[in-house]
Amino acid sequence: AHTSYPFGLHSLLALPWDYSTHCDGFFLVSHLCAGVVETKSGQCKACNDLGKNEYLEKIVARYTNGVHENTLLIFHGIGGLVDVVCRKTMAINVLCLCCLNNVKKLLGKEGTIDVHKQMLMALSS
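In full-length UniProt numbering, the protein residues as written are 1 to 125.
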């Protein structure tokens with residue numbers, strides 16, 4: 001969960017919870033948390049109701065199904081951002097390599113044209 005949670009959403013949206021980590025656990029706590037266990041789930045009612053929050057349901061869906069590559073970066077977790085950067089870096093490297101190959105081909109053809117020009121000059125004189 002540490003690399004999958006979209007921490008950036010907290011700066012964009014007024015989400016009704018805070019997050020924390022402890023001993024490899026990732027926890028969400030409602031802003032309205034009373035700190036008193038009221039349900040059989042071992043959570044207070046406000047924290048238990050977070051499971052019905054629309055934003056949290058979508059976060060869980062993206063965590064479960066994966067984030068579409070065209071989704072805004074704010075919805076990606078750190079791990080997803082690293083994947084996006086790797087894919088884009090590879091695409092840039094491929095484009096640079098293609099461009100370099102095209103330049104080398106053009107330079108080779110330019111050299112061939114120069115040789116042909118020299119031959120024509122020699123034949124015409």
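Think of the CB as a built atom: it goes at the ideal place given N, C-alpha and C, for glycine as much as any other residue.
Per DSSP, the bridge partner or partners of residue i
i, result
"Y19", "L28"
For residue i, the three-state DSSP class (helix, strand or coil)
i, result
"Q43", "coil"
"Y5", "coil"
"N93", "helix"
"T112", "helix"
"H68", "coil"
"H10", "helix"
"C33", "coil"
"S125", "coil"
"N48", "helix"
Alpha-carbon spacing of residue i relative to residue j, whole angstroms
i, j, result
"H68", "K109", "43 Å"
"L15", "A46", "13 Å"
"K104", "L97", "10 Å"
"F75", "T89", "20 Å"
"G51", "L32", "14 Å"
"N93", "R87", "10 Å"
"L100", "Q118", "27 Å"
"N70", "S20", "28 Å"
"I113", "L95", "27 Å"
Anticipated Cβ contact below 8 Å, residue i with residue j, distance rounded
i, j, result
"L73", "V84", "7 Å"
"C44", "A34", "5 Å"
Would you call the segment 49 to 58 and the segment 13 to 31 touching, i.e. three or more CB-CB distances under 8 Å? yes
Should the segment 76 to 90 be called in touch with the segment 1 to 11, which here means at least 3 C-beta pairs below 8 Å? yes
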